[in-house]
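J.:
There are 2 protein chains.
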Amino acid sequence: MFTLAEENYLKAIFHLENDYGTGVSTNAIADKMDTRASSATDMIQKLADKKVISYQKYKGASLTKKGKSIAVNIIRKHRLWEVFLVEKLDFQWDEVHEIAEQLEHIKSDELIQRLDLFLGNPDFDPHGDPIPDKNGYIKPTEKKLLSKLKKNQQGICVGVKESSAKFLQYLDTRKIGIGSSIKVIDKEDFDQSMTIQVSNKQFFITKQISENLYLKTI
Amino acid sequence: MFTLAEENYLKAIFHLENDYGTGVSTNAIADKMDTRASSATDMIQKLADKKVISYQKYKGASLTKKGKSIAVNIIRKHRLWEVFLVEKLDFQWDEVHEIAEQLEHIKSDELIQRLDLFLGNPDFDPHGDPIPDKNGYIKPTEKKLLSKLKKNQQGICVGVKESSAKFLQYLDTRKIGIGSSIKVIDKEDFDQSMTIQVSNKQFFITKQISENLYLKTI
DNA sequence: TTTATTTTTTAGGCTTGTCTAAATTTTAAG
DNA sequence: CTTAAAATTTAGACAAGCCTAAAAAATAAA
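In structure tokens form, the structure reads like this:
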């Protein structure tokens with residue numbers, strides 16, 4: 001059995017490997033966990049002892065098969081709870097992350113199986129992230145960062161990379177959500193800022209925004 | 001903010017005061033928490049420092065207003081989650097306690113308010129225990145232990161005192177549940193065992209059973 | 001009321017997960 | 001290739017919550 005802290009570290013390492021490739025540095029982990037490098041080292045050693053990460057001093061860490069499976073299961077729980085909060089309890093998509101951070105650690109396989117069924121076996125969470133199935137399989141989704149699109153290309157918003165309340169609220173004010181159709185009207189070479197069109201309205205966004213929106217291109 | 005351990009101690013003290021009157025001994029708390037008296041003393045001192053219990057060395061502890069309010073809120077959450085598990089996820093009444101023990105510690109007032117609404121503001125949990133309202137008010141319910149009834153008296157089962165899976169499963173095999181009509185056919189003075197009738201069927205129960213079933217007498 | 005027993009508290013230790021400060025290793029720069 | 005900087009690990013401490021063993025207080029018994 002794994003402690004709360006261990007589970008959170010595993011999840012962090014999973015996300016880091018996903019975003020930046022295999023083999024994660026101590027500093028990256030410490031950063032993600034909002035703690036000190038020395039604390040991260042301690043935990044890394046503990047997780048290595050438990051065979052959920054492979055690790056050589058000074059060389060970074062990566063999840064073992066077992067570690068990955070634990071991490072994915074936590075992510076599955078997190079995303080299912082988010083669906084529950086939005087679909088059943090009428091929370092907004094920017095309100096659910098913190099609560100799901102707590103709910104993801106509830107231990108009961110039966111609970112998650114029943115929750116999944118109750119929710120109608122959803123494929124995506126409210127931010128467009130895929131929900132791993134009970135075997136840990138994550139359906140590969142082809143999606144592209146808006147920042148990668150060129151002038152005149154368009155797509156449907158299928159997810160957000162960042163899911164902080166602030167960013168999501170920003171999107172709400174612009175009426176951008178999962179399913180929105182987005183077209184690049186103009187793109188500035190210098191700073192990668194863009195003018196985009198979302199259902200008749202055009203507006204200006206910075207690189208920071210376009211780098212956090214996933215589209216499925218048409 | 002209170003830790004998991006602190007919350008569990010507060011809940012334990014609340015139940016003990018409820019069952020055996022105000023002023024709870026260190027040993028009683030240690031027993032309930034399945035820990036050592038010395039550990040209980042440590043925590044009692046910590047809770048006294050935080051002003052959630054009043055305590056004098058060697059004299060036992062009792063909840064302050066603040067402590068009681070925290071304890072009742074945890075119990076409210078526990079019971080609401082139990083309703084969710086049974087009503088929405090189709091768990092049996094003997095399966096929900098352990099999971100609710102975890103869910104009761106999720107921190108979000110908004111969550112509980114919405115859950116309450118989603119469940120239709122239920123008054124009782126699946127074991128017949130009243131659900132405190134958001135102000136901590138618990139509707140006083142008149143209920144009597146089956147063991148207190150005399151020959152020929154009858155009532156409707158409105159709750160169970162003990163709610164272990166084993167006891168609940170025993171009741172299931174006898175088709176006894178919340179709402180069952182129960183009549184005392186015979187009562188043995190010597191060991192308080194009884195013959196009772198539940199919907200046409202008569203059978204024999206020991207004192208251990210009758211002391212854990214609450215009835216509303218007719 | 002004096003002694004024996006039970007209850008409760010204190011003292012000292014252990015583990016988890018964190019920290020700061022210092023040492024070590026790796027990487028980058030000249 | 002040698003030094004400077006950055007990254008990482010080690011050493012030593014601390015709070016929370018638990019433990020065992022021993023001391024102290026309260027209660028019961030003779």
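The listed protein sequences correspond, in order, to chains A and B. Counted from 1, the first sequence has number 90 at position 90 by the working numbering; the numbering is strictly sequential. Counted from 1, the second sequence has number 62 at position 62 by the working numbering; the numbering is strictly sequential. Backbone N, C-alpha and C fix where the C-beta goes; we use that ideal spot for every residue, glycine too. Quick caveat, the model's predicted, so the values are computed rather than measured.
Can you pull out the residues from the region 200-216 of chain A whose beta carbon lies closer than 9 Å to at least one beta carbon of chain B?
T.: Residues: none.
J.: In chain B, what lies closer than 9 Å to I99(A) by C-beta?
T.: I106, K107, S108, E110, L111
J.: Anything in chain A within Cβ reach of F118(B), meaning under 9 Å, just list it in chain order.
T.: K88, L89, D90
J.: Only counting the same chain, and skipping five residues up and downstream in sequence, which positions put a Cβ closer than 6 Å to that of L115(A)?
T.: These residues qualify, in order along the chain: L80.
J.: Helix, strand or coil for Y55(A)? Go by DSSP, reduced to three states.
T.: Reduced to three states, the DSSP call for Y55(A) is strand.
J.: Return no unless some Cβ of chain A is closer than 9 Å to the Cβ of L238(B).
T.: In the structure as shown, chain B starts at 1 and stops at 218, and residue 238(B) therefore has no counterpart that could be examined.
J.: If you compare alpha carbons, which of I106(A), T64(A), I74(A), A165(A) is closest to N8(A)?
T.: With distances taken between Cα atoms, N8(A) lies closest to I74(A).
J.: Quick one: residues in its chain with C-beta nearer than 8 Å to the C-beta of A5(A), no 5 flanking neighbours on either side, listed in chain order?
T.: Scanning its chain for C-beta atoms nearer than 8 Å, with the 5 sequence neighbours on each side dropped, one finds around A5(A) the residues M43, in chain order.
J.: For L85(A), decide whether its Cβ has a neighbour in chain B, counting only Cβ atoms nearer than 9 Å.
T.: Closer than 9 Å: yes.
J.: So if DSSP puts T195(A) in a beta bridge, which residue, or which two residues, is it bridged to?
T.: D186(A), F204(A)
J.: Return the CA-CA distance between Y189(B) and K216(B), expressed in angstroms with no decimal places.
T.: The sequence shown places Asp at residue 189(B), not Tyr. Answer to the nearest angstrom: the Cα atoms are 23 Å apart.
J.: Tell me which residue opens and which closes the alpha helix (DSSP H) that I75(B) is part of.
T.: 65-83
J.: Would you report the Cα separation of I13(B) and A165(B), rounded to the nearest angstrom?
T.: 22 Å
J.: Answer with buried or exposed for G155(B), where buried requires no fewer than 16 other C-beta atoms within 10 angstroms of its C-beta.
T.: buried
J.: What do you get for I218(B), buried or exposed, if any count of 16 or more other CB atoms within 10 angstroms of its CB means buried?
T.: exposed
J.: Taking only three categories from DSSP, how would you classify Y214(A)?
T.: strand
J.: Are the beta-carbon atoms of I196(B) and G128(B) separated by less than 9 Å?
T.: no
J.: If you draw a straight line from the alpha carbon of D94(A) to that of T22(A), how long is it in whole angstroms?
T.: 30 Å
J.: Please report the straight-line C-alpha distance between S54(B) and K66(A), rounded to a whole angstrom.
T.: Approximately 48 Å, taken between the alpha carbons.
J.: Which residues in chain A have a C-beta closer than 7 Å to the C-beta of Q102(B)? List them in chain order.
T.: Within chain A, the residues near Q102(B) are I106, K107.
J.: Strictly under 9 Å for the Cβ-Cβ distance: is E6(B) near chain A by that measure?
T.: It does not: the Cβ of E6(B) has no partner Cβ on chain A nearer than 9 Å.
J.: Going along the chain, which residues of its own chain have a beta-carbon closer than 7 Å to the beta-carbon of K50(B), five neighbours each way excluded?
T.: none
J.: May I ask you to list the residues that DSSP assigns as paired with M61(A)?
T.: At residue 61(A) the sequence reads Ala, which differs from the Met that was named. DSSP lists V24(A), Y55(A) as partners of A61(A).
J.: Start and end of the alpha helix (DSSP H) containing Q45(A)?
T.: Run containing Q45(A): 37-49, per the alpha helix (DSSP H) assignment.
J.: Tell me, to the nearest whole angstrom, how far the beta carbon of L89(A) is from that of F84(B); I am working on the premise that it is less than 8 Å.
T.: That pair is no contact at about 10 Å.
J.: On a Cα-Cα basis, can you pick out the residue from S193(A), L145(A), I185(A), I205(A) that is closest to T173(A)?
T.: I205(A)
J.: Give the straight-line distance between the Cα atoms of A28(B) and Y58(B), rounded to the nearest whole angstrom.
T.: 13 Å
J.: Please list the terminal residues of the continuous beta strand (DSSP E) segment that includes I106(B).
T.: Looking at the DSSP string, I106(B) is not in any beta strand (DSSP E), and its letter there is neither H nor E.
J.: With Q154(B) as the anchor, note down where its alpha helix (DSSP H) starts and where it stops.
T.: Note, Q154(B): premise wrong, no alpha helix (DSSP H); beta strand (DSSP E) at 154-160.
J.: Taking all protein chains shown into account, decide if Y20(A) is buried (16 or more other Cβ within 10 angstroms of its Cβ) or exposed.
T.: exposed
J.: In angstroms, rounded to a whole number, what distance separates the CA positions of K77(A) and H105(A)?
T.: Spanning the two alpha carbons is a distance of roughly 8 Å.
J.: Give the straight-line distance between the Cα atoms of L47(B) and Q102(B), rounded to the nearest whole angstrom.
T.: Annotation: L47(B) to Q102(B) spans about 21 Å, alpha carbon to alpha carbon.
J.: To the nearest angstrom, how far is the alpha carbon of Q208(B) from that of Q113(A)?
T.: The alpha-carbon separation between Q208(B) and Q113(A) amounts to approximately 35 Å.
J.: Under 9 Å between the Cβ atoms of I131(A) and P122(A)?
T.: yes
J.: By the DSSP assignment, the alpha helix (DSSP H) with L171(A) in it spans what residues?
T.: 165-173
J.: Report the rounded CA-to-CA distance for Q169(A) versus L213(A), giving the unit in angstroms.
T.: 13 Å
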